Amino acid sequence: MPKRLNILNSWVDDITKEECLKKIEKFVKSSYSRRVHTIFASNPEKIFSVPKHPLVYEEIKNADILLPDGIGVVLAVRFLYGIKISRLPGADMMEEICKLAAKKGYKVFIYGAKEEVNKKAVDILIKRYQGLNIVGRSHGYVKEKDMENLIEKINNSKAEILFVALGSPRQEKWIAEYKNRLNTVKVCQGIGGTLDTIAGNVKRAPVFWQKLNLEWFYRLLLEPKRIKRQKVLPVFLFLILKEKVRLVYASKK
Numbered sequence: 364m365p366k367r368l369n370i371l372n373s374w375v376d377d378i379t380k381e382e383c384l385k386k387i388e389k390f391v392k393s394s395y396s397r398r399v400h401t402i403f404a405s406n407p408e409k410i411f412s413v414p415k416h417p418l419v420y421e422e423i424k425n426a427d428i429l430l431p432d433g434i435g436v437v438l439a440v441r442f443l444y445g446i447k448i449s450r451l452p453g454a455d456m457m458e459e460i461c462k463l464a465a466k467k468g469y470k471v472f473i474y475g476a477k478e479e480v481n482k483k484a485v486d487i488l489i490k491r492y493q494g495l496n497i498v499g500r501s502h503g504y505v506k507e508k509d510m511e512n513l514i515e516k517i518n519n520s521k522a523e524i525l526f527v528a529l530g531s532p533r534q535e536k537w538i539a540e541y542k543n544r545l546n547t548v549k550v551c552q553g554i555g556g557t558l559d560t561i562a563g564n565v566k567r568a569p570v571f572w573q574k575l576n577l578e579w580f581y582r583l584l585l586e587p588k589r590i591k592r593q594k595v596l597p598v599f600l601f602l603i604l605k606e607k608v609r610l611v612y613a614s615k616k
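Numbering (our numbering), first residue to last: 364 to 616.
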């Protein structure tokens, strides 16, 4: 069974792609539980930002799956616990879920991003995964007064899987606030900017960079303004080193 690990008062799961897909299939098939099962990505940026939002923090804490999305989290787990987990990006997992949905006939709804990005990404996914049944979609600029209509649209679609692409922490907050209003959704994943990547607006790193776990650096080269988000990494490293010292000291008591 996947193991949940504590990283600086946040969490990540020791889980593989295969284990994740098995859990998702079980969630969708579940007839005894009508609740929405949530999937989020874990990375150093979120570990610092999420505690600032109590509702989001609680949602992350009780998530069904927390993907080891960032290489920083993966290396932290290896360093602190000696467990060799592998990176499992949320963008990759989203496409794996689409592939599973196409194979099993699960109904999918996609909410988020700009209208043109959402539409283009949906068209690409339908062509990419033959048989994928995307029963509804909506851009991510729905006003609060129109949220009731969006919830009704999702429910009327009979979607079993919902992808929410609003960016963090907005998507986690939306899921926390509205998941109990969803009638047929069994699995909900927060996917951040994945639709922009699928639509081709944002380039993912070449496979070579991904294999070296340097995708973050490639993105930084393309988008220097991301340095503001990456500035937490030195602090993250320092705190991980401090936590390792604490764990070693505690083990010797």
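The beta-carbon is built from N, C-alpha and C at its ideal position, and this holds for glycine as well.
Here the structure is a predicted model, which is why all the values come from computation and not from measurement.
Inset, instruction - Determine the extent of the beta strand (DSSP E) in which V375 is found, giving its start and end residues. - result: 373-377
Inset, instruction - Per DSSP, which residues does G475 bridge with? Please list them. - result: A528
Inset, instruction - Give the secondary structure of I517 by DSSP, where H, G and I count as helix, E and B as strand, and everything else as coil. - result: Note: I517 maps to helix in three-state DSSP.
Inset, instruction - Spell out a yes or no on whether the region 466-477 and the region 486-506 are touching, meaning 3 or more CB-CB pairs, one atom from each, closer than 8 Å. - result: yes
Legend entry - Start and end residues, beta strand (DSSP E) containing A426: Here A426 belongs to no beta strand (DSSP E), and DSSP marks it neither H nor E.
Legend entry - Backbone CA spacing between D376 and L384 [nearest angstrom]: 14 Å
Legend entry - Proximity below 9 Å, CB of L430 to CB of I489: no
Inset, instruction - State the start and end residues of the unbroken alpha helix (DSSP H) segment that holds I410. - result: 407-412
Legend entry - Unbroken beta strand (DSSP E) run spanning V565, endpoints: No beta strand (DSSP E) contains V565, which DSSP labels as neither H nor E.
Inset, instruction - Please determine if the region 441-453 and the region 529-542 are in contact, where contact requires at least 3 C-beta pairs separated by less than 8 Å. - result: no
Inset, instruction - State the start and end residues of the unbroken alpha helix (DSSP H) segment that holds E443. - result: Checking the displayed sequence, the identity of residue 443 turns out to be Leu instead of Glu. Its alpha helix (DSSP H) spans residues 434-444.
Legend entry - Spatial distance of E388 from K542 (CA atoms): 19 Å
Legend entry - Rounded C-alpha distance that separates K415 from W374: 15 Å
Inset, instruction - List the residues that DSSP assigns as beta-bridge partners of H400. - result: V550
Legend entry - When I561, E523, K605 are compared against H400, the one with the closest alpha-carbon: E523
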